[in-house]
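Heads up: the sequence shown is residues 2 to 116, going by the numbering used here. These notes concern the structure reproduced below.
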Amino acid sequence: MISNATQRSILRWIHIIVTIPIFGYIYGPASEVQQYADGVRFIFVPIMVLSGLWMYAGAVFAIIGVVVLLGAYQLSGYGAAVLSQVALFIARKIWLVIRARHGVVRDAGPQCRQK
Numbered sequence: 002m003i004s005n006a007t008q009r010s011i012l013r014w015i016h017i018i019v020t021i022p023i024f025g026y027i028y029g030p031a032s033e034v035q036q037y038a039d040g041v042r043f044i045f046v047p048i049m050v051l052s053g054l055w056m057y058a059g060a061v062f063a064i065i066g067v068v069v070l071l072g073a074y075q076l077s078g079y080g081a082a083v084l085s086q087v088a089l090f091i092a093r094k095i096w097l098v099i100r101a102r103h104g105v106v107r108d109a110g111p112q113c114r115q116k
């Protein structure tokens, strides 16, 4: 199995490398970058969000975050996609607070134990 430090390093580099085309899309001339819009929107941004959320909160939260991001974008546009991510972070925080109040403590490892 891969160690946590190696996994974080790989995810960090994926996150950094995938950001490069996004910067090119943002700062490039509008006439030249229009052809790359769908690639940035549907490939690079979801990969960046996936790797960032995976480093922040784990694989399950990252997959849920990318699915919510893409679904909200398809249904209602960019504003709804951003708001869906904010709502997801708020829901995660509420879930963590409820778990803490019920006595579930997260160890350094993937196991949880009761107080």
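For every residue, glycine included, the Cβ atom is placed at its ideal position computed from N, Cα and C. These numbers come from a predicted model, not from an experiment.
Can you name, in chain order, every residue of its own chain whose Cβ lies under 8 Å from the Cβ of L84, other than the five neighbours on each side?
A73
Alpha-carbon spacing of I91 relative to I44, whole angstroms
25 Å
Roughly how many angstroms separate the alpha carbons of Q35 and I18, rounded to a whole number?
21 Å
Suppose you measure from the CA of M56 to the CA of M2; what does that come to, to the nearest Å?
17 Å
When you compare the stretch 14–31 with the stretch 48–55, are there three or more beta-carbon pairs, one atom per stretch, that lie closer than 8 Å?
yes
Is V98 buried or exposed, if buried means 16 or more other CB atoms sit within 10 Å of its CB?
exposed
I'd like to know whether the C-beta atoms of L76 and P47 end up nearer to each other than 9 Å.
no
With 16 other Cβ atoms within 10 Å as the buried cut-off, status of A109:
Reliability fails at A109, whose pLDDT of 49 lies under 50, so the model's placement of it is uncertain and no value is given.
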